[in-house]
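> In the UniProt record's numbering, the protein residues as written are 1 to 285.
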Amino acid sequence: MLDLTQLRSFVAVEQMGSFTLAAERLGLGQSTVSQHIQRLESVVGRRLLARDTHKVVLTTDGEALLSHARAMLAIEAQVQSQFKGQNLRGNLRLGVSEDFVTSQLPAVLEDFVRSHPSVDLELTVALSGTLYEMQDNGEIDLVLAKRRLGDARGRLVYREPLVWLARDPDHVLSGGPLPLIAFPPPSVTRSIALEALGRSQIAWRIVCTCGSLSGLTAAARAGMGVLVQPRSMAPSGLKEIGRDRLPILEDVEFVLVPRKGADQTLVSALSEDILGKVRRLGSSA
Numbered sequence: 001m002l003d004l005t006q007l008r009s010f011v012a013v014e015q016m017g018s019f020t021l022a023a024e025r026l027g028l029g030q031s032t033v034s035q036h037i038q039r040l041e042s043v044v045g046r047r048l049l050a051r052d053t054h055k056v057v058l059t060t061d062g063e064a065l066l067s068h069a070r071a072m073l074a075i076e077a078q079v080q081s082q083f084k085g086q087n088l089r090g091n092l093r094l095g096v097s098e099d100f101v102t103s104q105l106p107a108v109l110e111d112f113v114r115s116h117p118s119v120d121l122e123l124t125v126a127l128s129g130t131l132y133e134m135q136d137n138g139e140i141d142l143v144l145a146k147r148r149l150g151d152a153r154g155r156l157v158y159r160e161p162l163v164w165l166a167r168d169p170d171h172v173l174s175g176g177p178l179p180l181i182a183f184p185p186p187s188v189t190r191s192i193a194l195e196a197l198g199r200s201q202i203a204w205r206i207v208c209t210c211g212s213l214s215g216l217t218a219a220a221r222a223g224m225g226v227l228v229q230p231r232s233m234a235p236s237g238l239k240e241i242g243r244d245r246l247p248i249l250e251d252v253e254f255v256l257v258p259r260k261g262a263d264q265t266l267v268s269a270l271s272e273d274i275l276g277k278v279r280r281l282g283s284s285a
């Protein structure tokens, strides 16, 4: 009854929250993806997707179908992998900077795990500086993280501007030292922000430090202060502060850094998956 191509489009729309981004990821036209969803809804006799003010979301029936769709696609991937004779095996330790947890990383990992069921993927989420230290100690095989301009480490994925963000810019800029919400050291965004404020001789104070982006976002949404993030990863509910009010921030680059001695076949397979999908995030920023 169920068509795997239509299910693939359905899962992609759920992951990306957008018909446009799902189509780009699948290499299809947006109208084709829309047709897949319409046909799938016709087959099951239920509405599967609905639009809210920001993105496409699942209906209750869509949520019920999602786990079955993922299971069917996983079985298809296992069969293809077995009969193509290209079944990757082994253990791969991936380190990802905190920023990517709420962006496109879940979709990348789901596709990779589904396509390579015999690969044991171990994920570590931390600050970029911490991940590099762990990799230097041999604890991580592949790092997806930020680097500063001029740093030659790793393979460039994309470059993006950092921005100042606040719930109420007028309030946080109304007087006194600038209240900052920041990751603890070692943090690339923290260092860039403090250096920019220092060059402009702007007084500042740290009002919230947290190793989790969700914690920092909660503090910023509560109006506690200013948060610095890559523009494409700006949390909802926060406003970008104009360049005429706070100093321009240095861009950051997102890179893939493999560990010498790691299984290069596994590293290359995951790297290509990441490059193919995450670069779209940078190009749409």
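Heads up, the beta-carbon is just placed ideally off N, CA and C, and yes, glycines get one too.
Every value quoted in this text rests on a predicted model; they were computed, and no experiment measured them.
So what does DSSP say about Gly129, is it helix, strand or coil?
Helix.
> Return helix, strand or coil for Ser283, following the three-state DSSP convention.
Model confidence at Ser283 stands at a pLDDT of 45, short of 50, so the residue's coordinates are unreliable and nothing is read from them.
> In chain order, what residues of the same chain have a beta carbon less than 6 Å from the beta carbon of Asp273, not counting five sequence neighbours either side?
If we look at Asp273 and ignore the five residues flanking it on each side, its Cβ neighbours are Val108 and Phe112.
> Quick one: measure Cβ to Cβ for Thr59 and Leu48, integer angstroms, because I've assumed they're closer than 8 Å.
So it is a contact: roughly 6 Å between Cβ atoms.
> With DSSP as the reference, please indicate the residues paired to Pro230 in a beta bridge.
According to DSSP, Pro230 bridges with Leu162.
> Would the stretch 175-186 and the stretch 210-226 be scored as touching if the rule is three or more Cβ pairs under 8 Å?
Yes: at least three Cβ pairs fall under 8 Å.
> CA-CA distance, Gly62 and Leu28?
If you take the alpha carbons of Gly62 and Leu28, they lie about 22 Å apart.
> Residue range of the alpha helix (DSSP H) that Arg190 falls in?
Arg190 -> alpha helix (DSSP H) spans Val188 to Arg199.
> Could you name each continuous beta strand (DSSP E) segment of 3 residues or more that falls completely within the stretch 93-124, going from the start of the chain to the end?
Taking only runs of at least 3 residues, no beta strand (DSSP E) segment lies wholly in the stretch 93-124.
> What would DSSP say about Phe254, mapped onto helix, strand or coil?
The answer is strand: DSSP assigns Phe254 an E or B state.
> How close, in whole Å, do the beta carbons of Ser97 and Ala145 come, if the pair is a contact with beta carbons under 8 Å?
About 4 Å; that satisfies the 8 Å criterion.
> State yes or no: is the C-beta of Leu88 within less than 8 Å of the C-beta of Leu266?
Going by C-beta atoms, Leu88 is nearer than 8 Å to Leu266.
> With C-beta atoms as the reference, is Val157 less than 8 Å away from Gly95?
No, they are not a contact pair.
> On the DSSP bridge list, what partners appear for Pro179?
Arg205, per the DSSP bridge assignment.
> If you draw a straight line from the C-alpha of Ser236 to the C-alpha of Leu173, how long is it?
Distance between the alpha carbons of Ser236 and Leu173: 20 Å.
> Measure how close the beta-carbons of Val255 and Arg93 come, nearest whole angstrom, since I'm counting them as under 8 Å.
That pair is no contact at about 17 Å.
> Tell me the residue span of the beta strand (DSSP E) that contains Ala219.
Taken as a continuous stretch (DSSP letters only), Ala219 belongs to no beta strand (DSSP E), being part of the alpha helix (DSSP H) at Leu213 to Arg221.
> Where does Met1 land, buried or exposed, given buried means 16+ other C-beta within 10 angstroms?
Met1 comes out exposed.
> Kindly indicate the opening and closing residues of the alpha helix (DSSP H) around Ala23.
That run of the alpha helix (DSSP H) goes Phe19 to Leu26.
> Express the C-alpha separation of Asp99 and Ser31 in angstroms, rounding to a whole number.
For Ser31 and Asp99, the distance between alpha carbons rounds to 31 Å.
> Considering just the uninterrupted stretch of the alpha helix (DSSP H) at Leu40, what are its terminal residues?
From DSSP, the alpha helix (DSSP H) with Leu40 extends over Gln30 to Val44.
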